[in-house]
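To keep things clear, I will list the structure first and then write my remarks on it.
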Amino acid sequence: SQQGEEDPQALSIQEGENATMNCSYKTSINNLQWYRQNSGRGLVHLILIRSNEREKHSGRLRVTLDTSKKSSSLLITASRAADTASYFCATDGGYGNKLVFGAGTILRVKS
Amino acid sequence: EAGVVQSPRYKIIEKKQPVAFWCNPISGHNTLYWYRQNLGQGPELLIRYENEEAVDDSQLPKDRFSAERLKGVDSTLKIQPAELGDSAVYLCASSLDRVSETQYFGPGTRLLVL
Chain A
1 SQQGEEDPQA LSIQEGENAT MNCSYKTSIN NLQWYRQNSG RGLVHLILIR SNEREKHSGR
61 LRVTLDTSKK SSSLLITASR AADTASYFCA TDGGYGNKLV FGAGTILRVK S
Chain B
1 EAGVVQSPRY KIIEKKQPVA FWCNPISGHN TLYWYRQNLG QGPELLIRYE NEEAVDDSQL
61 PKDRFSAERL KGVDSTLKIQ PAELGDSAVY LCASSLDRVS ETQYFGPGTR LLVL
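These protein sequence lines map, in sequence, to chains A and B.
Residues 1 to 111 (my numbering) make up the first sequence, in order.
Residues 1 to 114 (my numbering) make up the second sequence, in order.
Structure, rendered in C-alpha cells:
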C-alpha cells in the first residue's frame, strides 16, 4: 500500500519556470524524502527533511514539511529540460521501519 | 564508487516459467532491499536484508517468490512460477546500515510476463 500521495500526477512547464509538487501522507514520520526517477532508470535520492524541520534547501531544490497537515512540497526553481523525470516522495516511519513511496509526479520540462 | 548493479536489465518470459534477478549492492552496504514497481506507481518493498538475515519480508508473496543473500553481499530474487501480474520493474537498493536513511537504487530489471 502507498503512504504518500503526490499532487499533481503530471506537470508540464517551460524551461526556466518553477515546478512545485506536493505530497500528503497518513501516519507519523521520522523523515520524508524525495527521489527522482528518469525514464527507465533507478531512483536517485534528492533531499531528506526530518520531522522536526520545516524547510530545507539543496541547490535549486526547496522542500517544506508541515507535520500538522501531514504534507510536504518540493519546489524546483529555474527548471531545465534535464529535470524531466518522475518525482516520488517517500516516508520513513523511523528506526527499522521501511520507506513507503507515493505514486509520483511526472514532470516534463519543455525547452 | 560503483553503484548498485542489477542484472539482467530486461527479461521477457512466458507465464509459469521461473525467473531470477541478481543484485550487487554498493561495497560495504550491509542493508539490501528489493522493491517492485508497477507501471505508474511508486516502488513497494518486497524484502529487506540486514547482512544475511531477512528482517522484513512481510510483503513478499512467499508462495512463488523467494530471495537469498548469501554471505551478506549479493542477492538473488526468484519467482517461480511467474504470473502475468508479476510484470513490473524489480528494483534493488542498498544502504550503509539499517540506521542510514538514504537508499541507493540500482537501474532495475524490467520483467514482462506473457
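Note that beta-carbon positions come from the ideal geometry of N, C-alpha and C, so glycine has one too.
No experiment lies behind these values; they were computed from the predicted model shown.
- In this structure G72/B is not in contact with L91/B, their Cβ atoms being roughly 20 angstroms apart against a cut-off of 8 angstroms.
- Using beta-carbon distances, T31/B does not count as an interface residue toward chain A, since no partner is under 8 angstroms.
- Residue I76/A holds the alpha-carbon nearest to the alpha-carbon of Q14/A among C89/A, I76/A and A103/A.
- Within the DSSP secondary-structure output, A19/A pairs in a beta bridge with I76/A.
- Bridge partners of K70/A according to DSSP: none are assigned.
- At least one CB of chain B lies nearer than 8 angstroms to the CB of N31/A.
- Listed along chain B, the residues sitting closer than 9 angstroms to A103/A by beta-carbon distance are G40, Q41 and G42.
- Minimum Cα-Cα distance from M21/A among the listed residues S73/A, K69/A, T27/A and N31/A corresponds to S73/A.
- The residue from S86/A, R36/A and A103/A with its alpha-carbon nearest to that of L46/A is R36/A.
- Look at L114/B here: in three-state DSSP terms it is coil, with no helix or strand label.
- Within chain B, the residues placing a beta-carbon under 7 angstroms from that of K98/A are L45, R48 and D56, ordered along the chain.
- Bounds of the beta strand (DSSP E) holding Y87/A are A85 to D92.
- Secondary structure at A82/A: helix, using DSSP grouped into helix, strand and coil.
- Residue-level contact check: L48/A touches chain B, since one or more beta carbons of chain B fall below 8 angstroms from its beta carbon.
- Taking CB atoms only, L43/A has a neighbour in chain B less than 8 angstroms away.
- Beyond the five residues adjoining it in sequence on each side, G94/A comes within less than 7 angstroms, by CB distance, of N30 in the same chain, given in chain order.
- For N31/A, the uninterrupted beta strand (DSSP E) segment begins and ends at N31 to Q37.
- If the five residues before and after A2/B are omitted, its C-beta is found closer than 8 angstroms to the C-beta atoms of I26 and S27, all from its own chain and listed in chain order.
- By the Cβ neighbour-count rule, E6/A is buried, with 16 or more other Cβ atoms within 10 Å of its own.
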